[in-house]
Amino acid sequence: MDTVFDAFVATADAAPDHAFLCAPPAPGRAYHPGGVEFTYGEALAEVRSLRARYGAAGYGHGHRVALLLENRPEFFFHYLALNGLGCGIVPINPDYR
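Per the numbering used here: the sequence shown = residues -14 to 82.
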């Protein structure tokens, strides 16, 4: 496979305990109030611990990045740990400030 972190590590090595994401309930949100769920190997152990802390902070391949992270859950674990360190990404939003 050729990335979106190799089809999210081949569907988290063929489904460890399924789901991957969710979110409802919402009372007052900011951010999980009463909801959440992850799995697919608890989002492949939080996308392999944020792809080993973003390549031990040297990031990777073609860099770029930005993010800002609203519309969470953890914006898909920092967009699948900066797409397996080929990076790219960019989405920002926070409600179009």
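The beta carbon of each residue, even a glycine, is placed where N, CA and C say it ideally should be.
Keep in mind it's a predicted model, so treat the numbers as computed, not measured.
CB residue i to CB residue j, shorter than 8 Å?
{"i": "A11", "j": "F5", "result": "no"}
{"i": "A28", "j": "F(-10)", "result": "no"}
{"i": "E22", "j": "C7", "result": "yes"}
{"i": "L53", "j": "I74", "result": "no"}
{"i": "L2", "j": "T(-12)", "result": "With the sequence shown as reference, residue 2 is identified as Asp, and Leu is not the correct amino acid for it. Cβ atoms of D2 and T(-12): not closer than 8 Å."}
Helix or strand or just coil, what does DSSP make of residue i?
{"i": "A51", "result": "strand"}
{"i": "G43", "result": "coil"}
{"i": "G69", "result": "helix"}
Near residue i, what residues of its chain come up, given a Cβ to Cβ distance below 6 Å and the 5 sequence neighbours on each side ignored?
{"i": "G45", "result": "L70, C72"}
Taking 8 Å as the limit between beta carbons, can you name the residues of its chain near residue i, skipping five residues before and five after?
{"i": "I77", "result": "A51, L52, L53"}
What whole-angstrom Cβ distance do residue i and residue j have, given they're in contact under 8 Å?
{"i": "R36", "j": "L67", "result": "6 Å"}
For residue i, which of the options has the nearest alpha-carbon?
{"i": "P58", "options": "A15, A42, S34", "result": "A15"}
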